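Down below is the structure, laid out as structure tokens.
Spelled out as structure tokens, the structure:
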């Protein structure tokens, strides 16, 4: 993170406030858009520098009075002029890097069995097990563009069952073949290695597969439908969709869940009307859709329970 002042940028590890600041956010994934929407409520201007977005969505975002989407940064000079690749520029108070993480496991000694190549940790069977070291070495939570806690819970239960000899894995050869087939499908579709662990729209299928490994019942159809519909309301999409439309779709599902919760003990809905952040509400709805254990959720909604 860079704080800009009259003597040029200075670095810091913590920001306490973006109040009335001009903030440039570098990145176009979940954290970048979530943070941008949060600080837009207090910042003077928020400018997002994105490497990959839908065509035609650059410029001022209709759902906000103070947010703009730009292509990537061409350069930054000592006076904190941030120049974008389309020729536009802003004078920034803060430059916030939301560019993600790189997997790095220097503490693991696997003699080259497990490697990291362009953020692909592999070879891993179902994003969890190195075939030649399974089940003794496993990775939990590598997948992203997901609701992480339900997936991590399912992965952990699968691992625990294998370590306690309640289930078995396929042979090493079968797991290696599965990994190679998966990698070949990514290559054929032109998917870069760095997106290997992105499950996104297939997370319902992945979760269902994990649940099936230890005999957990399949997801109910309403959960699948809810997750598929709400996946269209990603953080990035919400910038252009607009708050009214986004909240409207979420509220439709809130009404459905009120009916479902009356006969489904796993779900207890509690209204909290003083909060209405659509990103938080969307995250909670995703959790409802994918949770496998009883949950009591604080649902941020403008619709009162009856």
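Residue numbers (this note's numbering): 3 to 308.
Backbone N, C-alpha and C define an ideal beta-carbon position, used for all residues, glycine too.
The structure presented is a predicted model; accordingly, all values stated were derived computationally and were not measured.
Problem - Unbroken alpha helix (DSSP H) run spanning residue 160, endpoints - result: Boundaries of the alpha helix (DSSP H) around residue 160: 150-165.
Practice task
Could you pull the start and end residues of the beta strand (DSSP E) that residue 142 belongs to?
Solution key: Counting along the chain, residue 142 falls outside any beta strand (DSSP E), and DSSP gives it neither H nor E.
Handout entry: CA-to-CA distance, residue 174 to residue 32, given in whole angstroms
Key = 35 Å
Exercise for the section: Say whether the stretch 142-161 touches the stretch 210-229, bearing in mind that this needs 3 or more beta-carbon pairs closer than 8 Å, one atom from each stretch. Expected result: The stretch 142-161 vs the stretch 210-229: in contact.
Practice task
Tell me where the beta strand (DSSP E) around residue 190 begins and ends.
Solution key: Where residue 190 is concerned, there is no enclosing beta strand (DSSP E), although the alpha helix (DSSP H) it sits in stretches over 174-190.
Practice task
Drop a sphere of 10 angstroms on the beta-carbon of residue 29, count the other beta-carbons inside from all chains shown, and report buried for 16 or more, exposed for fewer.
Solution key: buried
Problem - 8 Å Cβ cutoff met for residue 310 and residue 146 - result: Outside the displayed span of the chain (3 to 308) sits residue 310, for which this structure offers no information.
Problem - Unbroken stretches of the beta strand (DSSP E), 3 residues or longer, contained in the stretch 37-119 - result: 47-51, 69-72, 75-78, 83-86, 91-93, 96-99, 117-119
Practice task
List the endpoints of the continuous beta strand (DSSP E) containing residue 206.
Solution key: Element bounds for residue 206: not the beta strand (DSSP E) but the alpha helix (DSSP H), 205-215.
Problem - Same chain only: Cβ atoms within 6 Å of residue 34, ignoring 5 sequence neighbours per side - result: 27, 100
Practice task
Starting from the C-beta of residue 179, find all residues in its chain whose C-beta is less than 7 Å away, skip the five residues before and the five after it, and write them out in chain order.
Solution key: No residues qualify anywhere along the chain.
Handout entry: residue 66 vs residue 51 beta-carbon contact at 8 Å
Key = no
Problem - N- and C-terminal bounds of the beta strand (DSSP E) containing residue 122 - result: Its beta strand (DSSP E) spans residues 122-124.
Practice task
Return the first residue and the last residue of the beta strand (DSSP E) that residue 27 is part of.
Solution key: 24-28
Handout entry: Residue closest to residue 74, alpha-carbon to alpha-carbon, out of 21, 68, 84
Key = 84
Handout entry: Under the three-state DSSP convention, the category residue 131 falls into
Key = strand
Handout entry: Contact check, residue 212 vs residue 198, beta carbons under 8 Å
Key = no
Exercise for the section: Keeping to the same chain, check which residues put their C-beta closer than 8 Å to that of residue 37; ignore five residues upstream and five downstream. Expected result: 27, 98, 100
Exercise for the section: Quick one: residues in its chain with C-beta nearer than 8 Å to the C-beta of residue 137, no 5 flanking neighbours on either side, listed in chain order? Expected result: 131, 161, 164, 165, 171
Problem - Beta-carbon proximity of residue 135 to residue 115, cut-off 8 Å - result: Yes, the pair counts as a contact, with Cβ atoms nearer than the cut-off.
Problem - Option in 78, 108, 105 with minimal Cα separation from residue 95 - result: 78
Practice task
Measure how close the beta-carbons of residue 143 and residue 150 come, nearest whole angstrom, since I'm counting them as under 8 Å.
Solution key: Right, their Cβ atoms sit about 6 Å apart.
Problem - Classification of residue 47 by the beta-carbon crowding that lies within 10 angstroms, buried from 16 upward - result: When all chains shown are included, residue 47 counts as buried.
Practice task
Could you tell me which of 229, 129, 154 sits nearest to residue 203, measuring between CA atoms?
Solution key: Among 229, 129, 154, the Cα nearest to that of residue 203 belongs to 229.
Handout entry: Neighbour-count burial assignment, residue 22, 16 or more Cβ in a 10 Å radius
Key = Residue 22 comes out exposed.
Handout entry: Length of the line joining the Cα atoms of residue 123 and residue 105
Key = Those two C-alpha atoms are separated by around 7 Å.
Exercise for the section: Go through its chain and collect everything with a Cβ distance to residue 195's Cβ below 8 Å, but skip five positions before and after it. Expected result: Correct list, in chain order: 119, 120, 121, 122, 188.
Exercise for the section: Evaluate residue 1 with the Cβ neighbour count: other Cβ atoms within 10 Å of its Cβ, from every protein chain shown; 16 or more gives buried, anything less gives exposed. Expected result: Residue 1 lies beyond the residue range present for the chain, which begins at 3 and ends at 308; the question has no answer from this structure.
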